Structures are given as structure tokens and as C-alpha cells.
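Here my numbering is used: the first residue of the first sequence is 37, the next is one more, and so on. Working notes, beginning with the structure itself.
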Amino acid sequence: MTERSSVRQAEKSDNDSFFCRVYDVTCMIPRGRITSYGAIARYLGTAGAARMVGWALNSSHSSERFIPAHRVVNRNGMLTGKHHFGNASTMQQLLENEGFTVIDDTVLEFGERFWDPSLEL
DNA sequence: GGTGTGACAATGG
DNA sequence: GCCATTGCCACAC
37 MTERSSVRQA EKSDNDSFFC RVYDVTCMIP RGRITSYGAI ARYLGTAGAA
87 RMVGWALNSS HSSERFIPAH RVVNRNGMLT GKHHFGNAST MQQLLENEGF
137 TVIDDTVLEF GERFWDPSLE L
């Protein structure tokens with residue numbers, strides 16, 4: 037009996053998918069904040085599935101809800117998935133609009149504006 | 001049902 | 001200190 041099973045039983049909805057959780061957490065990211073794939077994965081209980089988080093966001097376009105995936109970067113603060121926004125500059129523009137400074141596909145404010153769902157949520 | 005993959009993360013040389 | 005390799009876990013084929 038794991039924590040996950042209880043949650044899964046409580047939800048018992050289509051949201052039981054790992055993807056939906058990633059979408060939910062990503063939407064919870066406060067404006068002006070930023071997090072990493074590993075932080076989200078760890079919050080979900082799958083610390084080693086950081087890659088899955090990225091993959092889930094890759095399918096975020098399939099979600100009816102807008103997913104601020106631009107607030108999610110790798111541990112280095114690098115915009116590794118900017119190419120998946122359609123235009124490579126879209127993700128950077130969104131981050132700059134949030135008040136971030138993006139240089140060389142890397143968020144300089146990453147260390148300061150880092151938001152950990154496991155700590156904040 | 002097994003194999004491959006994937007927007008990462010951590011470790012080793 | 002930088003580059004290369006391995007591990008990880010859930011989904012698609």
C-alpha cells in the first residue's frame with residue numbers, strides 16, 4: 037500500500053495518469069517562478085523519472101489547458117525543450133515576459149527564482 | 001507483453 | 001572542470 041495508490045483511489049479519474057499530474061503541478065507554478073524537471077518528478081514521487089516529466093510536457097499540447105512549460109527547465113536552468121514550443125524563441129520570450137533573463141538558452145535567475153513544489157506545495 | 005524512447009539527473013574519467 | 005556514460009521510470013509502438 038503506497039501513498040500513490042491511495043491518491044489514485046481518491047482520484048479514480050482520468051487524472052490518475054502521470055501526465056495529468058505533471059500538467060497540474062506545472063500549472064501550479066507561480067508567475068515569476070521557475071522549477072526543474074527533477075523537482076516536479078520528485079514531488080510526484082518518481083524522482084528518477086525526471087525524463088518522464090519532460091516527455092509529459094511534450095504531450096502538454098494534447099491537454100486542453102494551457103501548460104506554462106516555459107517555467108520548467110533542466111537542473112542547469114537551460115531551456116532544453118524550447119524547440120517544442122513551435123518556435124525556439126517562444127519559450128525564451130515567455131520567460132523574459134515573466135521577468136527572467138535568458139541568455140544562451142539559460143535562465144540566469146534560475147538559482148534565485150527556483151520554485152520547488154515539494155517545498156512550496 | 002517486450003522493446004524503445006525521451007524537453008533529465010547523477011556519476012565517472 | 002568539462003565530456004561521456006549510465007540509470008531511471010512511465011508511455012508509445
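Built from N, CA and C at the ideal position, the CB exists for glycine as well. If you're wondering where the values come from, they're calculated on a predicted model, not measured in any experiment.
Residues in the same chain with beta-carbon distance under 6 Å from residue i, minus the five sequence neighbours each way, listed in chain order, please.
| i | result |
| --- | --- |
| residue 149 | 69 and 70 |
| residue 106 | 127, 130 and 131 |
| residue 92 | 55 and 58 |
I'd like the list of long-range same chain contacts for residue i, defined as Cβ closer than 7 Å, with 5 residues on each side in sequence excluded.
| i | result |
| --- | --- |
| residue 151 | 65, 66, 69, 70 and 71 |
| residue 120 | 94 |
| residue 157 | 64 and 79 |
| residue 73 | 86, 89, 90, 108 and 110 |
| residue 103 | 59, 62, 63, 93 and 96 |
In three-state DSSP terms, what is residue i?
| i | result |
| --- | --- |
| residue 146 | helix |
| residue 96 | helix |
| residue 53 | coil |
| residue 103 | coil |
What does a CB cutoff of less than 8 Å around residue i pick up in its chain, not counting 5 residues either side in sequence?
| i | result |
| --- | --- |
| residue 144 | 113, 136, 137 and 138 |
Would you give the residue range spanned by the alpha helix (DSSP H) that residue i belongs to?
| i | result |
| --- | --- |
| residue 127 | 124 to 134 |
| residue 153 | 153 to 156 |
| residue 76 | 73 to 80 |
Using a 10 Å radius around the Cβ and a threshold of 16 neighbouring Cβ atoms, would you call residue i buried or exposed?
| i | result |
| --- | --- |
| residue 39 | Because residue 39 carries a pLDDT of 44, less than 50, the predicted location of this residue cannot be relied on, and no value is offered for it. |
| residue 98 | exposed |
| residue 134 | buried |
| residue 77 | buried |
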